[in-house]
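Number of protein chains: 2
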Amino acid sequence: MKKYIVAVVGATGVVGQEMINVLEQRKFPVKKLVPLASERSLGMTVKYKGENVDVQELKPESFENIDIALFSAGGSISEKFAPEAVQRGAVVIDNTSHFRMDNNVPLVVPEVNADALKEHQGIIANPNCSTAQLVVALKPIHDYATIERVVVSTYQSVSGAGKEAISELENQTRSMLNGQGQPEKNKFPYTIAFNVIPHIDVFLDNGYTKEEMKMIEETQKILDSEIAVTATTVRVPVFIGHSESVNIQTKKKISAKKVRELLKQAPGIEVQDDPASNIYPTPQEASGKDPVYAGRIREDISMKNGIELWCVADNLRKGAALNAVQIAEELIK
Amino acid sequence: MKKYIVAVVGATGVVGQEMINVLEQRKFPVKKLVPLASERSLGMTVKYKGENVDVQELKPESFENIDIALFSAGGSISEKFAPEAVQRGAVVIDNTSHFRMDNNVPLVVPEVNADALKEHQGIIANPNCSTAQLVVALKPIHDYATIERVVVSTYQSVSGAGKEAISELENQTRSMLNGQGQPEKNKFPYTIAFNVIPHIDVFLDNGYTKEEMKMIEETQKILDSEIAVTATTVRVPVFIGHSESVNIQTKKKISAKKVRELLKQAPGIEVQDDPASNIYPTPQEASGKDPVYAGRIREDISMKNGIELWCVADNLRKGAALNAVQIAEELIK
């Protein structure tokens, strides 16, 4: 079996570390792992297959001999270094938003549009975390009943905003429980401990946030440009796991039972839907796991062809690292 | 000025205590406050205007001479004792769900349908917390543009589930931060600390929860039976303050600017909507305050006549105690 030299750019970040975990857990045929990061991570190591691997400084020359480069170090790093990697013969799988809407870059969730990979020109984009889990849940419904419109509200964990955001939730929570007054705020504009914040990424002129527009445009690019989507993205005090309340309008009538049937057979998704036994997904239960989970599936009583559902996934895995490694797996098939 | 003997049933509960606070803060003309509760609260006192008032045991005879009785001690208590109070000449304002959908009982949010009070036969129902704030936000939009359909997803605080639920969030959070393993669960089917749970009240045959059906049916009863509503109600690890992501389809086109204008003039609601300065409501900021707050107002890009908004209120105040006292104020006008 052929083995590959794999670089992980942003190897010391939350998603970078998860990429390395997922490569190991899924037994990706790695000949050599090359963890790359900025200068300030020099001297650090990452754990891979029980060994400590030295983090190397990211430079254009880092990509000599690299077969596959997984990027997750911010859009400006991808902008600068992804072309350097491609020029040196690597295939880039980029987890940032930088190339996602580029017409020459396929945006891929393997369960949904693996075919789009065929057209890649060296760079493949990984979707936004909240989009990835959404399209996995929508795809089987769309194939059967043609989705016309989706209204989604999210409940997104702090790990989507990185390591410091995780510490911020922890520190703020401790401070509030100990009655130490107003805790420090850095990553979020309001206290996130015991609060919810309807604001992820920057605001745009149309009143939506960039995170919301990512969900809208990426869903259309991955699944179907004809689907109308609106989104409200909200940060909640959860460490790992994004949840989504999804309202779906279809062209053809579809029953809740049929949705359950379709999702049970679909790849990458598990149905957890037995209200009588309090079975439905929650982010804490989904944390550390691979599938997208769907529950609370019911026919929308406010219109003729509507479905309501609740979908949850580990945002660091299906929303980022896992999907990136799944793309790599498709590439080497 | 006429003064009234006011009973508070469930005086030691979270909402009961808030009712007493609100009576004091709004200078309701109370001749005498009569705090009532079950036998196990005997010996307790409540604070009212700087004095400790003894809690009395709830009995049918407790309502002799009572002018106004505010109930918030659970549906079965209201079922049993509200008629006893009415029979003795009291007007009952009931915060439980027991009488809300009764055709002979007005369900009132004063800013929306104060007129309905005229038809009362002794009992007036206070809506569910998540409904009260929603209809205050919808009313001005409905009057101007005729709302056809509403899709709402909620982010509800634990105080809506009472005192023990507040302790449960606090204890679980402490336990998890201290690494003491899986914390105890009593009030919620899953850990609520650092989690979200898409399940409030019991599940019904149509797949909705009772909380969701309350929002749907109560909105129709208070605002307009012609409005189609669907809801997903979700518990989040917040102590006080419910948030709602609301998608609104109107008959007539309405701009985001017009919605802001209308809400600014409307009673009971404050617009906090300046994305450029990170101004939008959060539950922590709304806690302890009276208004319903609206923000994130924008035109829905997924359809022709759609508005997205985010509304937040203190569920113990506008969602319960404040609305009940406002009803009492209307009654004595």
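Those sequence lines, one after another, are chains A and B. With our numbering, the residue at position 70 of the first sequence is 70, and numbering never jumps. With our numbering, the residue at position 131 of the second sequence is 1131, and numbering never jumps. We put the CB at the ideal spot given by N, CA and C, even for glycine.
Original post:
Between the region 1193–1215 of chain B and chain A, which residues of the former have a C-beta closer than 7 Å to a C-beta of the latter?
Top reply: Phe1194, Asn1195, Val1196, Ile1197, Pro1198, His1199, Phe1203, Asn1206, Gly1207 and Tyr1208
Subject >> C-alpha gap between Phe194 (chain A) and Leu1070 (chain B), whole angstroms >> reply: 30 Å
Subject >> Three-pair Cβ contact test at 8 Å for the region 60–80 of chain A versus the region 6–13 of chain A >> reply: yes
**OP:** At 7 Å on the CB atoms, spell out the chain B contacts of Asp300 (chain A), in chain order.
**Re:** Thr1230
Original post:
Which same chain residues, not among the five before or five after Tyr370 (chain A), have their C-beta less than 8 Å away from its C-beta?
Top reply: The question about residue 370 (chain A) has no answer, for chain A in this structure spans 1 to 333.
**OP:** Report yes or no: is there a C-beta of chain B within less than 8 Å of the C-beta of Thr173 (chain A)?
**Re:** yes
**OP:** State the start and end residues of the unbroken beta strand (DSSP E) segment that holds Gly1295 (chain B).
**Re:** Val1292 to Glu1299
Subject >> Classification of Leu204 (chain A) by the beta-carbon crowding that lies within 10 angstroms, buried from 16 upward >> reply: exposed
Subject >> CA nearest to the CA of Ile1327 (chain B), picked from B:Val1158, B:Val1092 and B:Ile1147 >> reply: B:Val1092
Original post:
Whose CA, out of B:Asp1102, B:Lys1318, B:Leu1331 and B:Ala1276, lies closest to the CA of Thr1131 (chain B)?
Top reply: B:Lys1318
Subject >> DSSP beta-bridge partners of Gln56 (chain A) >> reply: A:Leu36
Original post:
How about the region 304–323 of chain A and the region 276–293 of chain A: do they share at least three Cβ pairs that are nearer than 8 Å?
Top reply: yes
**OP:** Could you name the residues of the region 124–150 of chain A whose beta carbon sits closer than 9 Å to any beta carbon of chain D, in the order they occur along the chain?
**Re:** No chain D appears in the structure shown, which is made up of the protein chains A and B.
Subject >> Whether Val1151 (chain B) touches Asn247 (chain A) by CB criterion (8 Å) >> reply: yes
**OP:** Could you pull out every residue in the same chain whose Cβ sits closer than 6 Å to the Cβ of Val238 (chain A), ignoring the five residues on either side in sequence?
**Re:** Ser157 and Pro283
Subject >> Straight-line Cα distance separating Lys304 (chain A) from Val1292 (chain B) >> reply: 32 Å
**OP:** Note down the Cα distance separating Lys139 (chain A) from Val112 (chain A), rounded to an integer number of angstroms.
**Re:** 6 Å
Original post:
Which chain B residues are close to Met19 (chain A), counting only those with a beta carbon under 9 Å from its beta carbon?
Top reply: What Met19 (chain A) touches in chain B: nothing, since even the nearest Cβ is about 24 Å away.
Subject >> Under the three-state DSSP convention, the category Ser1243 (chain B) falls into >> reply: strand
Subject >> Which listed residue (A:Ser277, A:Asn186, A:Thr250 and A:Phe63) has its alpha carbon closest to that of Tyr1190 (chain B) >> reply: A:Ser277
Subject >> Thr1250 (chain B) - DSSP class collapsed to helix/strand/coil >> reply: strand
Original post:
When DSSP builds the beta bridges, which residues end up paired with Gln1156 (chain B)?
Top reply: B:Arg1235
**OP:** Tell me whether Ser97 (chain A) is buried or exposed, calling it buried when 16 or more other Cβ atoms sit within 10 Å of its Cβ.
**Re:** buried
**OP:** List the residues of chain B whose Cβ lies closer than 7 Å to the Cβ of Thr191 (chain A), in chain order.
**Re:** Gln1284
Subject >> Neighbour flag for Val92 (chain A) against chain B, beta carbons, 8 Å >> reply: no
Original post:
Between which two residues does the beta strand (DSSP E) harbouring Glu1343 (chain B) extend?
Top reply: As shown, chain B starts at 1001 and ends at 1333. That puts residue 1343 (chain B) outside it, with no answer to give.
**OP:** Name, please, each residue of chain B whose Cβ falls closer than 9 Å to the Cβ of Pro35 (chain A).
**Re:** Near Pro35 (chain A) there are no residues of chain B at all, since even the closest Cβ is about 28 Å away, more than 9 Å.
Original post:
From the beta carbon of Val292 (chain A), is the nearest beta carbon of chain B less than 8 Å away?
Top reply: no
Original post:
Taking 8 Å as the CB-CB limit, is Pro183 (chain A) close to chain B?
Top reply: no
Subject >> Limits of the unbroken beta strand (DSSP E) element including Val15 (chain A) >> reply: Element bounds for Val15 (chain A): not the beta strand (DSSP E) but the alpha helix (DSSP H), Val14 to Gln25.
Original post:
Counting contacts by CB-CB distance shorter than 8 Å, is Ser153 (chain A) in contact with chain B?
Top reply: yes
**OP:** State the DSSP-derived secondary structure class of Ala266 (chain A), mapped to helix, strand or coil.
**Re:** coil
Original post:
Near Lys32 (chain A), which residues of its chain fall below 7 Å by C-beta distance, leaving aside the five closest residues on each side in sequence?
Top reply: Ile5
Original post:
Is Asp201 (chain A) helix, strand or coil when you go by DSSP?
Top reply: coil
Subject >> Coarse secondary structure for Ile1279 (chain B), derived from DSSP in three states >> reply: strand
Subject >> alpha helix (DSSP H) segment containing Asp1143 (chain B), residue limits >> reply: Cys1129 to Ala1145
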